[in-house]
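First comes the structure, then the notes that go with it.
Residue numbers (my numbering): 740 to 1525.
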């Protein structure tokens, strides 16, 4: 024995004596067997060079150990574990056995270990003994296995419990490391597996709770006879595992962070999708099989454009531990040649079918994403033409998702803005059974979206501290996610434009470019450029009341009060999702002005006006489609208000005949009584000058409230109106009051405004006479005292 070896043995003996009574390790009752002993003192590391050689025999190959000579005087039979430092200087821990087939100063490994640790033959490596007490013990281990020889593949199911028993019998006490490949001979089936360690968890002695050791992730550890072992079929493996010890790969990627998804305002929707579509895939396949359920195969995302449907589909593809998603646009499926469209559908499912046949329950999840799925899945029988291509494409897709030969390894995600066009058979349970509306974000969601789109400029200190995203969110009601992104881009453009020099050439000072800051005013000014598709109408409401609302009497205040109460009710009451009010009265009484004034000051996010002038030249069916679309858009907003102005003109009523459009009338009757979807509320104002006609048509009863809009009937009414118009001075007003006396009127406010403005055009001395003359001429004044 050389001097170095003697010194090492002396130090090792002293160290063992010093640590002969370590503190006890308390394991769970099921784990109380031979356990590692913790040590706070390790001897100095001493190593010796060895030459790498081939493994001398197949029996030694399956031990998965480093093999030394039985007469080795450095790595003696008492040493069970060593550290191998490869020529690159990387350390690998491995178990040790001895054989008389190995020469002195040589160490042998099987081919798997040599490739894993980069150990070339006939090269020298440094070997250092490891004290047993310094090693962790494995609490659980996950192992990927496959057939060692691709020529000897068996289709027989492999019982994972039997594999576990043999595995423990052969490898108890052996060191395993994450990523370590090894060979395993399964004698029961006379099969050899190639395996690799995927995950290890070891006992955490340092953090014992209540006398029980904790568990932590590990790199290397010793296998115990009570270690929890799970086997997984390797990727693309044909092995079929059964039994309780069969492991499974979680459908959620292990490194996925839900907090970094970048989906603003869609937390509830995404949680519902996860609960409905992926909860069953998180559980072990055996448990799901015992429950007798099949995984969800399809998800349909629908809603207004720009609300995040495609974004959610992308994030689902990223978070799932699956194959690369196949993303196709609906129109790409269609082909000009007969039969090619159906073939394109079959190609999308070909990989999933092939893997399902080869690997069964071990197959990975295949994701297929259809954007604009309504292009290929319209209601069967609704598309004209002799080929019937759309119908056969729908049939082919239905067969692949849930046909005779069902696939359990697919997830089809469809996205559309027109859910009403989708064939009903596609949305039944077993196909696209999870249907989720991705609606317009609420205020909290808009804040989240704005934070996402301003994150980069905020981190780069380019966003001014005065920018109040909550205030911006409160001013962007019914903005979709895409429109909010456009708002941010517009604000950035506004800030950049302020630094561009006003000259013949568009140029900027480089030093000023670095000082660009996005301010709150940039966002506010951008609100004039970005208009939400489902927001307030671009129609100029003030054109209905250019002179404002003149409160000439109690009847005006009554109309405004009643309308404001309905607006308050639709905002605050969840028990009345639909409210309808008809304003009727003589032509020119101000019905449209009152309705427009109430809507303009309602602060409702969605306000639209349906007037006859918008449908000039429309056919009967075009009118029906226009009105229906307006209501469908209103249903997408949490709070909405629609004005049906001059209803008798909308339905094409004329007294001669009489004639009216029955299709438009029936459309309005249905929509006036149709409640909006759950969680949405709608207020409808209607105006008419022919109440009796609507009564005969049965429309009057369709409105929940009827409010009469009066005309001016008393002298006081006229005087109040003229005083607010500020056309006449106080002396003229007194003369007018004396001239009118106690006479009664039947004067619409619109006609009074016309007469007053006409009088304004003449000389101030003649205004009074002109006004009274127009009164008489227009037949507005009853000359006899009442």
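Glycine included, every Cβ here is placed at the ideal spot set by N, Cα and C. Because the structure is a prediction, the values reported are computed rather than measured.
{"Asked": "Proximal residues to residue 851 (C-beta, below 7 Å), its chain only, five neighbours per side dropped", "Found": "920, 921 and 922"}
{"Asked": "For residue 895, the three-state DSSP class (helix, strand or coil)", "Found": "coil"}
{"Asked": "Reference residue 1263; option with closest CA among 1209, 1498 and 800", "Found": "1209"}
{"Asked": "N- and C-terminal bounds of the alpha helix (DSSP H) containing residue 1357", "Found": "Run containing residue 1357: none; DSSP gives neither H nor E here."}
{"Asked": "Residue from 1439, 872 and 974 whose Cα sits closest to the Cα of residue 886", "Found": "974"}
{"Asked": "Residue closest to residue 1015, alpha-carbon to alpha-carbon, out of 1039, 1271 and 898", "Found": "1039"}
{"Asked": "Distance between residue 1167 and residue 1119 (C-alpha atoms, nearest Å)", "Found": "15 Å"}
{"Asked": "Straight-line Cα distance separating residue 1182 from residue 1267", "Found": "19 Å"}
{"Asked": "Buried versus exposed call for residue 897 [16 or more other C-beta atoms within 10 Å across all chains shown]", "Found": "buried"}
{"Asked": "Residue 1203 to residue 1224 span [Cα, whole Å]", "Found": "18 Å"}
{"Asked": "Pair within 9 Å by beta-carbon distance, residue 1375 and residue 1043", "Found": "yes"}
{"Asked": "Contact check, residue 794 vs residue 849, beta carbons under 9 Å", "Found": "yes"}
{"Asked": "Proximity test, residue 1490 beta-carbon vs the ligand HEM heavy atom, cut-off 8 Å", "Found": "As for the ligand HEM, it is missing from this structure, which has no ligand bound."}
{"Asked": "Every unbroken alpha helix (DSSP H) within the segment 1033-1118, with a cutoff of 4 residues, ordered by chain", "Found": "1048-1058, 1069-1072 and 1079-1098"}
{"Asked": "Residue 961, enclosing beta strand (DSSP E) - first and last residue", "Found": "959-961"}
{"Asked": "Distance, residue 1148 Cα to residue 1105 Cα", "Found": "6 Å"}
{"Asked": "C-alpha distance - residue 1392 paired with residue 1484, whole-angstrom precision", "Found": "29 Å"}
{"Asked": "At least 3 beta-carbon pairs within less than 8 Å: the segment 870-882 vs the segment 964-974", "Found": "yes"}
{"Asked": "Coil, strand or helix - residue 924 by DSSP", "Found": "strand"}
{"Asked": "Contact the segment 1377-1395 vs the segment 1331-1342: 3+ CB pairs below 8 Å", "Found": "yes"}
{"Asked": "Residue 1420: first and last residue of the uninterrupted beta strand (DSSP E) it sits in", "Found": "1420-1427"}
{"Asked": "Cutoff 7 Å; reference residue 844; Cβ partners in own chain excluding five residues on either side", "Found": "789 and 790"}
{"Asked": "Residue 1321 (DSSP reduced to helix, strand or coil)", "Found": "strand"}
{"Asked": "Residue 1270 versus residue 1109: straight-line alpha-carbon distance, rounded", "Found": "29 Å"}
{"Asked": "7 Å CB neighbourhood of residue 1290 in its chain, flanking five on each side removed", "Found": "1296"}
{"Asked": "Contacts around residue 1051, its chain only, beta-carbon distance under 8 Å, and the 5 residues preceding and following it disregarded", "Found": "1002, 1005, 1008, 1009, 1012, 1040 and 1177"}
{"Asked": "Helix, strand or coil at residue 764 according to DSSP, with G and I counted as helix", "Found": "At residue 764 the pLDDT is 35, less than 50, meaning the model places this residue with poor confidence; the figure from the coordinates comes in the next sentence. Residue 764: coil per DSSP, three-state reduction."}
{"Asked": "Bridge-paired residues (DSSP) for residue 867", "Found": "822"}
{"Asked": "Helix, strand or coil at residue 953 according to DSSP, with G and I counted as helix", "Found": "strand"}
{"Asked": "Cβ neighbours of residue 1436 in the same chain (closer than 7 Å, five flanking residues each side left out)", "Found": "1404"}
{"Asked": "For residue 938: DSSP bridge partner residues", "Found": "881"}
{"Asked": "Segment limits, alpha helix (DSSP H) that includes residue 1463", "Found": "1454-1464"}
{"Asked": "Residue span of the alpha helix (DSSP H) that contains residue 1225, given as start and end", "Found": "1220-1236"}
{"Asked": "Distance CB(residue 1072)-CB(residue 1018) smaller than 9 Å", "Found": "no"}
{"Asked": "Neighbourhood of residue 927 by C-beta distance below 6 Å, restricted to the same chain and skipping five residues each side", "Found": "901"}
{"Asked": "DSSP beta-bridge partners of residue 930", "Found": "925"}
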